[in-house]
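In my numbering, the protein residues as written are 41 to 587.
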């Protein structure tokens, strides 16, 4: 009788049915049998896979990498121009109303006399340098976060950032308020006259509520503008300025200097109340966005992202604002200081009008770039940056030409002194050249802010203004005796250097990488968890078992 063997056909083809026979064999034969069975199985599987690959059609060719820079068609460019127009025009109107408010306040202060005007002007300058520039700069961190969050439709992050920015500004307002309360001691320490310092303190004490109001107002403006909602900001600002005149008339008669100071924060409070009401009512009607929640769910990660951006944004804004204040201070050291200070003050008043347009274009560029990066559309983000730069160059030439054309009529509006009128006419011609560069410089700052890299603007400001413009201006003005023209020539060199540096930064931006970074910035852990679950359900992982 022939005994069953591991090499029999039955034993090889159906090993499980001959388990009882195999178990009776020696251990080494059992192991040899299993090894030969699994090796042959692997060989058969490899042969089947190789045959399937040979019979399968050739794989489709890979798609070519995206072309950079992408080509633009006229329809896309026209659509982008329309979008930026809808954002920019209301922002220009809003900024113009802000400067109109300053002009109205100055006019009412001038009616009180020379001392109240000098003291309040000095106090307001101190408030800008130590308070409002800091709060506005810190709030600049909202633009990249909220802009990219809106592009990614992450409304929870939008809500979180609004609350966090408001809390941050309120916290910073506390040490600023202590500075304002001691402004008289600070000014006297730096050589200011005692009577002017006391008036400045009186003006700032009545302006203290504006710190709290600004801590709410700035985040509300950024929250709405990053969602391309600018019409409510424009109308609320216009209404507040319309109320600013009657409020000043009433309070200046009732309280004098203190009343005019109170009118400033009352006007800001009107804007804040209207925008807050809009967010509560109009946003709530949209349903889905409001129900996203996230208002009080801030984590350490969100706070760190905000603080990481708020520092460079604040320094960039403050360095730029402080540089012009230093320019005025240096002008006061020139041989003919009285005339020179009067000239630069009149010229800067025209510059403030152009600055309202620059600031609006920069905000629009930041919003458009951040929105498209958050929506994972790097090509459109690049197109938005390109269109913004072209608009800024054209606006720069238009602004500079306007200033040059108005140099003969602007000076007589403020003074009939022949020396001052000649100085204004000469200085505005030089300043018009600076404005041609200032427009694209401001927009470049908005672009790098939209990519969540505001420290590039900070480095450019430090190099251009503080390491080049101010030292060169001092040498030209005081060593070579060029006066105010020398200071402005130094500023011209610094602005050009700053612009070239930012253009190099922007030219080296990898827009695909920036889009990926924006996704990581705006994507929360819950979204990543949901995506992982979807991938697991769509492509389940193979389960390995051992028989």
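Here a beta-carbon is modelled for each residue, glycine too, at the ideal position from N, C-alpha and C. Small disclaimer: the values here were computed from a predicted structure and weren't measured.
| Check | Outcome |
| --- | --- |
| Member of 222, 146, 197, 471 whose CA lies at the smallest distance from the CA of residue 267 | 197 |
| Alpha-carbon to alpha-carbon, residue 294 and residue 174 | 32 Å |
| Sequence-distant residues of its chain with Cβ nearer than 7 Å to residue 156 (five each side left out) | 149, 239, 297 |
| Buried/exposed call for residue 311, threshold 16 Cβ in 10 Å | buried |
| Proximity winner among 387, 290, 350, relative to residue 368 (alpha-carbon distances) | 387 |
| Between the CA atoms of residue 318 and residue 532 - distance to the nearest angstrom | 42 Å |
| The region 341 to 354 in contact with the region 187 to 201 per 3-pair CB rule at 8 Å | yes |
| With 16 other Cβ atoms within 10 Å as the buried cut-off, status of residue 229 | exposed |
| Where residue 235 falls: helix, strand or coil (DSSP) | helix |
| Nearest-angstrom beta carbon gap, residue 353 and residue 181 [assumed within contact, 8 Å] | 5 Å |
| Neighbourhood of residue 248 by C-beta, 7 Å cutoff - its chain only, sequence neighbours within 5 removed | 217, 220 |
| C-alpha gap between residue 437 and residue 459, whole angstroms | 28 Å |
| Endpoints, the alpha helix (DSSP H) within which residue 505 is located | Per DSSP, residue 505 belongs to no alpha helix (DSSP H) and is neither H nor E. |
| Three-state class that DSSP yields for residue 415 in the structure shown | coil |
| Which listed residue (391, 323, 190, 215) has its alpha carbon closest to that of residue 172 | 215 |
| Under the three-state DSSP convention, the category residue 456 falls into | coil |
| Where residue 262 falls, given that 16 or more other Cβ within 10 Å makes a residue buried | buried |
| Nearest-angstrom Cβ-Cβ length linking residue 178 and residue 209, presumed shorter than 8 Å | 6 Å |
| Nearest candidate by alpha-carbon position, reference residue 393, set 126, 132, 117 | 132 |
| Residue 549 to residue 428 span [Cα, whole Å] | 16 Å |
| Proximity to residue 123 [Cα-Cα], best of 475, 518, 560, 401 | 401 |
| CB of residue 541 within 9 Å of CB of residue 485, strictly | no |
| With 16 other Cβ atoms within 10 Å as the buried cut-off, status of residue 453 | exposed |
| Buried or exposed (CB count within 10 angstroms, at least 16 for buried), residue 113 | exposed |
| Assigned exposure category for residue 321 - 16 Cβ within 10 Å defines buried | exposed |
| Which of helix, strand or coil DSSP assigns to residue 135 | helix |
| First through last residue of the alpha helix (DSSP H) which encompasses residue 192 | Careful: residue 192 lies outside any alpha helix (DSSP H) and carries neither H nor E. |
| Closest residue to residue 487 among 426, 299, 465 (Cα-Cα distance) | 426 |
| Exposure of residue 555, with buried meaning 16 or more beta-carbon neighbours within 10 Å | buried |
| Cut-off 8 Å between Cβ atoms - residues of its own chain near residue 83, not counting five sequence neighbours on either side | Confidence in residue 83 is poor, its pLDDT being 46 and thus under 50, which makes the residue's placement unreliable; the coordinate value appears in the next sentence. No residues qualify anywhere along the chain. |
| Nearest to residue 380 (by Cα), restricted to the options 451, 422, 315, 403 | 451 |
| Close beta carbons around residue 309, own chain, < 6 Å, minus the five adjacent residues each side | 253 |
| Cβ neighbours of residue 545 in the same chain (closer than 7 Å, five flanking residues each side left out) | 488, 496 |
| Nearest to residue 464 (by Cα), restricted to the options 511, 492, 525, 514 | 525 |
| DSSP-derived helix/strand/coil call for residue 248 | coil |
| Every unbroken beta strand (DSSP E) within the region 348 to 376, with a cutoff of 3 residues, ordered by chain | none |
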